[in-house]
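Participant: For the sequence shown, our numbering begins at 73 and goes up steadily by one.
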Amino acid sequence: MPNLPMHIYLADQVAEQLDRSYVFDHMGAYYLGSTAPDIRAMTRWPREQTHFAPLSVEEVG
């Protein structure tokens with residue numbers, strides 16, 4: 073899992089590539105959405121509680 077600054081950097085890069093005004097009009101929500109799921113690193117919550125998609129090293133797809 074990338075650290076918080078890397079998530080923000082990558083989100084910024086994607087926003088630039090999208091070049092969509094609605095992204096730039098809602099940057100706060102955009103950054104929150106790109107970083108909030110990894111709050112689990114600080115809270116020690118299970119990944120399933122903060123992410124929509126499961127992660128498995130045994131199953132791909």
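Note that CB positions come from ideal geometry on N, CA and C, so glycine has one too. If you're wondering where the values come from, they're calculated on a predicted model, not measured in any experiment.
What is the residue span of the alpha helix (DSSP H) that E120 lies within?
Facilitator: Here residue 120 is taken as the residue at index 48 of the sequence shown, counted from 1. Per DSSP, E120 belongs to the alpha helix (DSSP H) from 119-122.
Participant: Under DSSP, the alpha helix (DSSP H) around E88 begins and ends at which residues?
Facilitator: Position 16 of the sequence shown holds residue 88. Its alpha helix (DSSP H) spans residues 76-90.
Participant: Excluding the 5 residues flanking M99 on each side, which residues of the same chain have their C-beta closer than 8 Å to its C-beta?
Facilitator: Reading the sequence shown from its first residue, position 27 is the one you call residue 99. Here the set comprises A87.
Participant: Contact check, H123 vs S106 under 8 Å by CB: the rounded distance?
Facilitator: Position 51 of the sequence shown, counted from the start, is the residue given in the question as residue 123. Position 34 of the sequence shown, counted from the start, is the residue given in the question as residue 106. Incorrect: roughly 13 Å between the Cβ atoms, too far for contact.
Participant: Answer yes or no: do Y103 and A125 have a C-beta to C-beta separation smaller than 8 Å?
Facilitator: One-based indexing of the sequence shown puts residue 103 at position 31. One-based indexing of the sequence shown puts residue 125 at position 53. Taking 8 Å as the Cβ cut-off, Y103 and A125 do not qualify as a contacting pair.
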